[in-house]
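Below you'll find the structure, written out as structure tokens, and then a few comments.
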Amino acid sequence: MSVAGLRRATRESVSGLPREFWWLWTSTLVNRLGAFVATFMALYLTLDRGYSASYAGLVAALHGLGGVVSSLVAGVMTDRFGRRPTMLVAQLSTAVSVAVLGFMVHPVAIAAVAFCVGMASSASRPAVQAMIADIVPAKDRVRAFSLNYWAINLGFAVSSAGAGFVAEYSYLAGFVGEAVMTLCCAIVVFTKVPESRPQKAPSTATDARAAGDGVRLGTVLRDGRFMGVVGLSFVIALIFQQGYVGLPVAMGADGFSSSDFGAAVAVNGVLIVVLQIPVTRFIQSRDPRRLLIVSSLLAGYGFGLTAFAGSVALYALTICVWTVAEIVNAPVQNGLVVQLSPAHGRGRYQGMYALSWSAAALVAPLMSGVVIDHFGAGWLWGTCAVLGTAAAFGYWLLMRNLPREGAAPAPAPAAVSGPAGAGGAAGSAEAGGVVDAAGAVGAGAVQGAGAGPAVDRAV
2 MSVAGLRRAT
12 RESVSGLPRE
22 FWWLWTSTLV
32 NRLGAFVATF
42 MALYLTLDRG
52 YSASYAGLVA
62 ALHGLGGVVS
72 SLVAGVMTDR
82 FGRRPTMLVA
92 QLSTAVSVAV
102 LGFMVHPVAI
112 AAVAFCVGMA
122 SSASRPAVQA
132 MIADIVPAKD
142 RVRAFSLNYW
152 AINLGFAVSS
162 AGAGFVAEYS
172 YLAGFVGEAV
182 MTLCCAIVVF
192 TKVPESRPQK
202 APSTATDARA
212 AGDGVRLGTV
222 LRDGRFMGVV
232 GLSFVIALIF
242 QQGYVGLPVA
252 MGADGFSSSD
262 FGAAVAVNGV
272 LIVVLQIPVT
282 RFIQSRDPRR
292 LLIVSSLLAG
302 YGFGLTAFAG
312 SVALYALTIC
322 VWTVAEIVNA
332 PVQNGLVVQL
342 SPAHGRGRYQ
352 GMYALSWSAA
362 ALVAPLMSGV
372 VIDHFGAGWL
382 WGTCAVLGTA
392 AAFGYWLLMR
402 NLPREGAAPA
412 PAPAAVSGPA
422 GAGGAAGSAE
432 AGGVVDAAGA
442 VGAGAVQGAG
452 AGPAVDRAV
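Just so you know, we're using my numbering here: the sequence shown kicks off at 2 and counts up by one.
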């Protein structure tokens, strides 16, 4: 592609999005620029504090357990109290708990505060994802999720490279630095990001009580197709988590330093920064089923190839493989989650989706620590390849009966106005497009967002 073509592609990828989205994007970037602790927690515990890989895995698991607890709570808060208040509470709590964690020395205290950090840092995810769905038109959501993911990894690329050198000097500086950057993120949200929670116009007292709480967690759990997506997301997240828990421990055991790991894993963020915009243009017109299947295979076998790495360059090469999977999987799956979520229940649906990642953050460290300690890192990477294959097969089973992206427009009006009724169709349109009429996955299978809980979409 020529320079002019690249500029045109970049302009088309970033134009036309609301100003509120860009402030939210900015807050995400600021937050990730200071994301030191999660990346180097395993090295901090094993190399600086001298604990075993199993203990490092336990602490990381408690961090993940905190995320499991907060994901559902934050999802309910997002729907009931609003996106902005939830983000502010989460960011302020993260800043305080991360700073405290840097001063903990007793193993029990480290584990307890790590749990609190996990709760706080995961609580903003449902609110951010729901806000993007609120303020961005349906036709632009995959692009918006891609750009937000781009901001995450732009910040991650910078923070990973810098944190490696910061850790060589002082791990405490990394903890304090993340706390300061998280506070800056909260300031951006407080001053520039408005509330976006959809508001209903209740006609009765009963409707008024239900207006902010029309979708219950039980509704989400009964949504068979959506829960299938959540289950597959857990498997994929379990694989990707190894880049932050299994990989640093394995590289440390092979004699590599924290700066070596920082240089290798920074390839992940740099590659996403370089490729996210052109890949965004590519995936907007492609079948999401194939994208999810291919990305699952790339993720599994990308980590599987790590078993053959013996140098920083080879580790970086394997990271390139699973990074491509990450670039494709994240925005496509986020778009799928939004399309399957009613507008007034987005917080709870996003909370359940975030739960899959938090649960993976809980299980992955335990899995990697036990496997590395008892069997060796090679077995861990082989397990990742098996999980990637299983996830690809799962996506094929789950999505094989869904309409193709290009098949939705013609039957969509009749399908939406049929089971849901005229009021349901209107509610769906007014709620911001629960399903994109230009090619949403599962079009016609969603009840109007303004009419109540979504119907069961089990395949």
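Ideal Cβ placement from N, Cα and C applies to all residues, glycine included.
Tell whether a beta-carbon distance below 8 angstroms holds between residue i and residue j.
i, j, result
"Ile-133", "Ala-145", "yes"
"Gln-92", "Val-190", "yes"
"Tyr-56", "Pro-19", "no"
"Arg-50", "Arg-198", "no"
"Ile-284", "Leu-292", "yes"
"Ala-392", "Ser-286", "no"
"Ala-254", "Tyr-316", "no"
"Trp-397", "Thr-307", "no"
"Ser-71", "Ala-36", "no"
"Gly-346", "Ala-75", "no"
"Ser-160", "Ala-121", "no"
"Pro-332", "Tyr-172", "no"
"Gly-67", "Gly-119", "yes"
"Val-371", "Thr-384", "no"
Measuring alpha carbon to alpha carbon, tell me which of the options ends up nearest residue i.
i, options, result
"Gly-305", "Met-252, Gln-242, Ala-386, Ala-361", "Ala-386"
"Gly-1", "Arg-142, Ala-344, Ala-378", "The displayed coordinates of the chain run from 2 to 460. Any statement about residue 1 would go beyond what the structure contains."
"Gln-200", "Gly-76, Ala-36, Tyr-52, Asp-80", "Asp-80"
"Ala-314", "Met-78, Ser-161, Gly-263", "Gly-263"
"Arg-33", "Met-400, Val-181, Gln-340", "Val-181"
"Gln-130", "Ser-16, Gly-336, Asp-255, Leu-44", "Gly-336"
"Gln-242", "Ala-124, Ser-94, Val-194, Ser-369", "Ser-369"
"Leu-73", "Phe-394, Arg-217, Gly-175", "Arg-217"
"Gly-395", "Gly-229, Trp-382, Pro-279", "Gly-229"
"Pro-221", "Val-77, Thr-95, Thr-324, Ile-111", "The sequence given here places Val at residue 221; Pro does not occur at that position. When only C-alpha atoms are compared, the closest one is Val-77."
"Ala-128", "Cys-321, Ile-278, Val-371, Phe-22", "Phe-22"
"Cys-185", "Val-371, Val-31, Ile-136, Tyr-150", "Val-31"
"Leu-276", "Pro-195, Glu-179, Cys-321", "Cys-321"
"Val-90", "Thr-183, Arg-349, Trp-26, Lys-193", "Thr-183"
"Asp-375", "Trp-26, Ala-54, Val-97", "A quick correction: the sequence has His, not Asp, at residue 375. Minimum Cα distance to His-375 is reached at Ala-54."
"Gly-65", "Ala-96, Gly-232, Pro-86, Phe-116", "Phe-116"
"Thr-192", "Arg-349, Thr-319, Leu-318, Met-88", "Met-88"
At which residues does the alpha helix (DSSP H) containing residue i begin and terminate?
i, result
"Gln-130", "126 to 136"
"Ser-71", "54 to 81"
"Ala-365", "347 to 375"
"Leu-46", "Looking at the DSSP string, Leu-46 is not in any alpha helix (DSSP H), and its letter there is neither H nor E."
"Gln-277", "259 to 284"
"Arg-198", "No alpha helix (DSSP H) holds Arg-198; DSSP gives it neither H nor E."
"Leu-18", "Leu-18 -> no alpha helix (DSSP H), and no H or E assigned at all."
"Gln-92", "84 to 102"
"Phe-146", "142 to 170"
"Val-221", "218 to 222"
"Pro-332", "313 to 340"
"Ala-121", "108 to 123"
"Ala-394", "Correcting the residue type first, residue 394 is Phe in the shown sequence and not Ala. Residues 378 to 400."
"Tyr-245", "Per DSSP, Tyr-245 belongs to no alpha helix (DSSP H) and is neither H nor E."
"Gly-301", "289 to 305"
Note down, in chain order, each residue of its chain lying with its Cβ closer than 6 angstroms to the Cβ of residue i, except the 5 sequence neighbours on either side.
i, result
"Leu-367", "Gly-58, Ala-62"
"Arg-126", "Ala-355"
"Ala-251", "Ala-378"
"Val-442", "Any reading at Val-442 needs caution, since the residue's pLDDT is 34, under 50, leaving its predicted position unreliable; the model's value is listed next. Pro-289, Leu-337, Gln-340, Leu-403, listed in sequence order."
"Ala-112", "Val-60, Leu-63"
"Ala-96", "Ala-180, Thr-183, Leu-184"
Who are the Cβ neighbours of residue i in its own chain at under 8 angstroms, not counting the five residues just before and after it?
i, result
"Ala-206", "Residue confidence for Ala-206 is low, a pLDDT of 44 falling below 50, so the modelled location carries little weight; the figure read from the coordinates is stated next. Around Ala-206: no qualifying Cβ."
"Ala-174", "Val-167"
"Val-194", "Glu-21, Trp-24, Leu-25, Ser-28, Arg-85, Met-88, Met-132"
"Gly-232", "Ser-357, Gly-395"
Give every residue of the same chain whose Cβ lies closer than 7 angstroms to the Cβ of residue i, excluding the five residues on either side of it in the sequence, and list them in chain order.
i, result
"Gly-389", "Ile-240, Ser-297, Leu-298, Ala-300, Gly-301, Tyr-302"
"Phe-235", "Ser-357, Ala-360, Ala-361"
"Val-101", "Val-114"
"Leu-46", "Tyr-52, Tyr-56, Ala-57, Val-60"
"Ala-238", "Ser-357, Trp-358, Ala-361"
"Ala-164", "Phe-37, Thr-40, Phe-41, Gly-175, Gly-263"
"Val-69", "Leu-356, Ser-359, Ala-360, Leu-363"
"Pro-414", "At Pro-414 the pLDDT is 34, less than 50, meaning the model places this residue with poor confidence and gives no usable figure here."
"Val-137", "Leu-18, Pro-19, Phe-22, Ala-145"
At a threshold of 7 angstroms, does residue i count as lining the ligand SAM (C-beta to nearest heavy atom)?
i, result
"His-375", "Summarising the ligand content, the structure contains no ligands, and the ligand SAM is consequently not present."
Is the region 253 to 260 touching the region 161 to 170 in the sense that three or more CB pairs, one from each, lie closer than 8 angstroms?
-> Result yes; three or more Cβ-Cβ pairs closer than 8 angstroms.
Counting pairs of Cβ atoms below 8 angstroms between the region 347 to 362 and the region 231 to 249, do you hit three or more?
-> yes
For the region 268 to 282 and the region 320 to 330, state whether three or more C-beta atom pairs, one from each stretch, are separated by less than 8 angstroms.
-> yes
At least three beta-carbon pairs within less than 8 angstroms, the region 335 to 349 to the region 33 to 42 = no
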